[in-house]
Structure formats: structure tokens, C-alpha cells
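These notes concern the structure reproduced below.
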Amino acid sequence: MTFSIVARSADGSAFGVAVASKFLAVGAAVPAAQAGVGAIATQSYANLAYRPQGLALLATGVSAAGVVAGLTAADEGRAQRQLGVVGVSGDGASFTGDGCHPWAGGVTGDGFAIQGNILTGPEVVDQMRQAFVDSDPAAPLPRRLHAALLAGDRAGGDRRGRQSAALLVVAPGQGYGGTSDVVADLRVDDHPDPVVELGRLLDLHALYFDKPDPATLLPLTGELAEEVADRLGALGFRPGSGGLHEALATWAGIENLEERMVAGHIDPLILAHLRCQPG
0 MTFSIVARSA DGSAFGVAVA SKFLAVGAAV PAAQAGVGAI ATQSYANLAY RPQGLALLAT
60 GVSAAGVVAG LTAADEGRAQ RQLGVVGVSG DGASFTGDGC HPWAGGVTGD GFAIQGNILT
120 GPEVVDQMRQ AFVDSDPAAP LPRRLHAALL AGDRAGGDRR GRQSAALLVV APGQGYGGTS
180 DVVADLRVDD HPDPVVELGR LLDLHALYFD KPDPATLLPL TGELAEEVAD RLGALGFRPG
240 SGGLHEALAT WAGIENLEER MVAGHIDPLI LAHLRCQPG
């Protein structure tokens with residue numbers, strides 16, 4: 000009833016899961032990940048205990064294949080389970096019990112495991128694998144995971160239809176403000192086209208939380224500084240004793256764009272957002 004990808008970034012710094020299903024709020028059940036440790040997807044009559052138990056095993060150095068073997072061996076309901084695991088090195092591992100609803104199966108490779116059940120056919124996991132392998136290894140892991148999920152959805156996905164999708168990615172200290180390991184934790188709990196909607200949320204997440212590209216920053220001087228001051232003034236944020244940067248930072252904070260602030264410069268995405276404001 001679900002298809003998912005569990006993967007490690009090319010540089011080994013990030014781990015994540017992307018999943019979609021004809022199931023309410025699939026993100027509440029399937030994915031789990033821990034920075035510096037690995038990631039897990041448990042599905043098909045999901046055994047939610049697999050998540051903490053699997054991460055604990057990975058943290059002790061057990062391989063992805065060893066985690067799959069250990070979890071399923073101890074589970075009397077394993078015939079109906081499906082599981083994907085990736086650790087800090089080597090191939091991912093996937094398990095599909097012989098009691099899973101067809102079509103069910105998975106594929107694995109260096110740093111990833113893809114699996115699904117009640118799918119339109121094996122082409123779903125095949126297209127997911129191709130999309131992930133063909134994606135730019137240097138691209139952010141959330142983008143690579145979503146590309147794979149979208150490929151599976153376009154290939155047919157869950158043969159019962161669509162309802163929810165989710166994306167979870169972790170990396171040490173890469174969360175909001177550097178105070179968390181959660182890079183992205185996005186969920187579409189009930190939607191007619193959840194994988195596409197997940198992509199829209201990922202775009203918003205990039206706008207609000209990605210760090211600016213230093214190569215694209217614009218010096219906040221001359222005519223540009225005058226324009227920004229005028230636009231901020233029209234919105235009620237006139238530069239005071241703290242100058243233009245303080246006024247811009249105050250407005251950006253209200254707009255949830257504080258992660259893109261750089262003293263003396265303006266991110267083109269902040270500028271575009273400012274130019275779109277009424278007034």
C-alpha cells in the first residue's frame with residue numbers, strides 16, 4: 000500500500016526517506032532517520048517498533064542487511080512486512096515478506112533501498128531507482144529523494160490511488176538555525192495529488208530555510224538600496240537608527256526569511272519576494 004526510498008547522500012552526511020501511499024498521513028508511520036546513523040522505512044502493516052530498534056542497531060555499527068535480518072527474524076508478523084534500511088556505508092537493504100499484497104518488491108544499491116507494495120507493477124521501483132541514480136549526486140538529498148518518488152508516482156505508484164506523501168532528511172547541525180539535525184520534515188497527509196504537493200512544499204522549504212548562495216548575493220548599495228528602502232517604507236518598515244539592514248531584517252523575520260539574511264547584501268530570492276508585496 001506504499002512505495003518509498005531510503006537513501007544516504009553521496010558525501011555520506013545526510014540520510015532520508017521519501018514515501019507515498021493511499022493511506023492517511025503516511026509520514027506518521029513509515030519514515031525514521033537519525034543523523035550520523037542512518038534511515039529506515041517500515042511499511043505494509045508497518046511495525047512501528049522497527050524504527051527505534053533499527054536505528055539503535057545501526058548506531059552500534061550493524062550493517063543495513065544485518066538490521067533487516069535482525070528485525071524481521073524477531074517479528075512473527077514478518078510475512079506481511081516490508082522494510083528498507085540504509086546505514087553509514089555500503090548498499091541499502093530491503094525486505095518484502097511473502098505475504099505482502101502484490102505487486103510487492105524492492106531494489107537496492109550503494110546508499111539506497113527502494114520498496115513498495117500494492118503497486119501497479121515492478122516498473123514503479125525500477126523508475127524510482129533510475130531517477131535516483133541519474134540525479135546529480137551533488138544535489139541536495141531532499142531533491143533527489145523527491146525526484147525518485149515522483150518517478151514512481153508517474154510510473155503508476157500505488158494501484159489503489161493517491162492520498163499522502165512525506166519526506167524526512169537529517170544531517171548533523173543542518174536544521175533550522177543550526178540547532179537541529181532535521182534538514183526537512185514535510186508531510187502531505189490527505190491530498191488528491193500528494194507527491195506533486197510535496198514538491199510544492201519542498202520549494203517553499205528551500206525559500207524559507209536554505210542558506211543563500213554567496214555567488215548570487217547583491218550588494219545593498221546605490222539604487223538597489225534606495226529601492227529596498229522605499230519598498231520597506233511602503234510596508235511600514237522605514238529604516239531608523241539601525242539603518243537599512245535592521246529594517247530589512249525585521250521585515251524578513253516576519254516573512255520567515257531570516258535564514259537568508261546576510262549583512263550588507265540581499266539575497267535575490269528575498270528581493271523578489273519583497274518586490275511581490277502589495278504597496
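Counting along the sequence shown from 1, when you hit position 245 you're at 244 in numbering that gives the first Met the number 0, and nothing is skipped either side.
Cβ coordinates follow ideal geometry from the N, Cα and C atoms, glycine included.
From this set, S20, A24, V36, G26, which residue's C-alpha is nearest S12's C-alpha?
-> Sequence index remark: in the sequence shown, residue 12 carries index 13 (1-based). The candidate whose alpha carbon is nearest that of S12 is V36.
Consult DSSP for A233 and reduce its assignment to one of helix, strand or coil.
-> By 1-based counting over the sequence shown, the position of residue 233 is 234. In this structure, A233 counts as helix in the three-state DSSP scheme.
Classify P362 as helix, strand or coil using the three-state DSSP reduction.
-> As displayed, the chain neither begins before 0 nor continues past 278, which places residue 362 out of reach and without an answer.
Which listed residue (A34, D192, A9) has its alpha carbon closest to that of S20 = As a working mapping, residue 20 is identified with position 21 in the sequence shown. Checking every option, the nearest Cα to that of S20 belongs to D192.
Between which two residues does the alpha helix (DSSP H) carrying A6 extend?
-> Against the sequence shown, residue 6 aligns to sequence position 7. That residue, A6, is in no alpha helix (DSSP H); its beta strand (DSSP E) goes 1–7.
Just the C-alpha distance for T59 and G110, rounded to the nearest angstrom, thanks.
-> Counting from one through the sequence shown, the residue named residue 59 turns up at place 60. Counting from one through the sequence shown, the residue named residue 110 turns up at place 111. Each residue's Cα considered, the two are about 18 Å apart.
Neighbourhood of Q52 by C-beta, 7 Å cutoff - its chain only, sequence neighbours within 5 removed = As a first step, residue 52 must be located in the sequence shown, where it is residue number 53. When the five nearest sequence neighbours on each side are left out, the beta carbons in the same chain lying within less than 7 Å of the beta carbon of Q52 are those of L70, in order along the chain.
The stretch 255–272 contacting the stretch 197–215, beta-carbon criterion three pairs below 8 Å | When C-beta atoms of the stretch 255–272 are compared with those of the stretch 197–215, three or more pairs fall below 8 Å, so the two segments count as touching.
Grouping DSSP H, G and I as helix and E and B as strand, with all else coil, what is T107?
-> Reading the sequence shown from its first residue, position 108 is the one you call residue 107. In this structure, T107 counts as strand in the three-state DSSP scheme.
Out of D74, L82, G76, V227, point me to the one whose CA is closest to A64's CA.
-> One-based indexing of the sequence shown puts residue 64 at position 65. The shortest CA-to-CA distance from A64 to any of D74, L82, G76, V227 is the one to L82.
Length of the line joining the Cα atoms of G239 and N255 | Here the question's residue 239 lines up with position 240 in the sequence shown. Here the question's residue 255 lines up with position 256 in the sequence shown. Going from the Cα of G239 to the Cα of N255 covers about 21 Å.
Whole-angstrom C-beta distance between Q42 and F116, which should lie under 8 Å = Taking the sequence shown and counting its residues from 1, one reaches residue 116 at position 117. Taking the sequence shown and counting its residues from 1, one reaches residue 42 at position 43. The question names Phe, but residue 116 is Asn in the sequence shown. Contact flag correct, Cβ pair sits at about 7 Å.
Within 10 angstroms of the Cβ of T1, are there 16 or more other Cβ atoms? Answer buried if so, exposed if not.
-> Within the sequence shown, the letter at position 2 stands for residue 1. With 16 or more other Cβ atoms within 10 Å, it is buried.
C-alpha distance - L148 paired with G235, whole-angstrom precision | As a position in the sequence shown, residue 148 is number 149, starting the count at 1. As a position in the sequence shown, residue 235 is number 236, starting the count at 1. Roughly 43 Å separates the two Cα atoms.
With a CB to CB cut of under 8 Å and the five nearest residues on each side skipped, what residues in its chain are close to E245?
-> Within the sequence shown, the letter at position 246 stands for residue 245. Closer than 8 Å at the Cβ level, and outside the excluded window around E245, lie P238, G239.
CB-CB under 7 Å to R77, same chain, minus the five flanking residues each way: which ones, in chain order?
-> For this step, residue 77 is matched to residue 78 along the sequence shown. Once the five neighbours on either side are set aside, the close Cβ partners of R77 are T71, G96.
For R79, collect the residues of the same chain with a Cβ closer than 7 Å to its Cβ; drop the 5 residues on either side in sequence, then sort them by chain order.
-> Within the sequence shown, residue 79 is the residue found at index 80, counting from 1. At residue 79 the sequence reads Gln, which differs from the Arg that was named. Excluding positions up to five away in sequence, the list reads S43, Y44, G96, G98, C99.
In the DSSP assignment, find the unbroken alpha helix (DSSP H) run with A63 in it and report its ends.
-> In the sequence shown, counting from the first residue as 1, residue 63 sits at position 64. Start and end: 63–72.
Which partner residues does L217 have in the DSSP bridge list?
-> If you number the sequence shown from 1, residue 217 lands on position 218. According to DSSP, L217 bridges with I265.
What does R159 pair with, by DSSP beta-bridge criteria?
-> Locating residue 159 in the sequence shown gives position 160, where the first residue counts as 1. Under DSSP, no beta-bridge partner is assigned to R159.
Nearest-angstrom Cα separation, counted from L166 out to A28 | Stepping through the sequence shown from its first residue, residue 28 is reached at position 29. Stepping through the sequence shown from its first residue, residue 166 is reached at position 167. Approximately 12 Å, taken between the alpha carbons.
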